[in-house]
Amino acid sequence: FRSVDGGRSWTPLLAGAQFDHSAAPWTAQATPHWMGALAIDPFDSNHALFVTGYGIWASRNLQDFARQQRPLQWWFQDRGLEETVPLDLLSP
Numbered sequence: 060f061r062s063v064d065g066g067r068s069w070t071p072l073l074a075g076a077q078f079d080h081s082a083a084p085w086t087a088q089a090t091p092h093w094m095g096a097l098a099i100d101p102f103d104s105n106h107a108l109f110v111t112g113y114g115i116w117a118s119r120n121l122q123d124f125a126r127q128q129r130p131l132q133w134w135f136q137d138r139g140l141e142e143t144v145p146l147d148l149l150s151p
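Residue 131 in the working numbering sits at position 72 of the sequence shown; the count goes up by one each step and never skips.
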């Protein structure tokens with residue numbers, strides 16, 4: 060969600076958003092999930108990042124979305140890194 064009036068009203072950011080899964084096709088099954096940290100670039104109000112169990116998603120059109128000019132678009136940012144889960148742990 061996003062607020063531009065000090066929290067009096069909120070706009071959902073992910074409902075109707077477009078996700079580019081081309082860099083990580085496995086993300087198409089459950090986007091977004093395990094959502095963690097969110098950051099808005101203090102030098103570029105169009106740029107935001109959030110993390111999931113799959114990796115980092117970024118948008119560069121927050122202002123266009125806020126003005127209802129086009130849907131919010133998200134691109135997967137990390138390459139070749141998927142979540143790491145231990146299947147077995149051995150202790151000597």
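We put the CB at the ideal spot given by N, CA and C, even for glycine.
Beta-carbon separation (whole angstroms), W116 vs P84, contact threshold 8 Å: Along the sequence shown, read from residue 1 onward, the residue named residue 116 stands at position 57. Along the sequence shown, read from residue 1 onward, the residue named residue 84 stands at position 25. That belief does not hold up - the Cβ atoms of W116 and P84 are roughly 14 Å apart, past 8 Å.
Nearest-angstrom beta carbon gap, Q132 and Q88 [assumed within contact, 8 Å]: If you number the sequence shown from 1, residue 88 lands on position 29. If you number the sequence shown from 1, residue 132 lands on position 73. No, Q88 and Q132 are not in contact; Cβ-Cβ is about 19 Å, not under 8 Å.
Q122: first and last residue of the uninterrupted alpha helix (DSSP H) it sits in: Walking along the sequence shown from the start, residue 122 turns up at place 63. Note, Q122: alpha helix (DSSP H), 121–125.
Own chain, CB closer than 6 Å to A107, minus 5 neighbours either side, in chain order: Stepping through the sequence shown from its first residue, residue 107 is reached at position 48. Cβ neighbours of A107 beyond the five flanking positions: I99, S118, L121.
W85 (DSSP reduced to helix, strand or coil): In the sequence shown, counting from the first residue as 1, residue 85 sits at position 26. Correct three-state label for W85: helix.
Within 8 Å, strictly: CB atoms of G112 and W134: On the sequence shown, position 53 is the one that residue 112 refers to. On the sequence shown, position 75 is the one that residue 134 refers to. Not a contact, by the Cβ cut-off of 8 Å.
Neighbour-count burial assignment, T86, 16 or more Cβ in a 10 Å radius: Start at 1 with the first residue of the sequence shown, and residue 86 comes out as number 27. Per the 10 Å Cβ criterion, buried.
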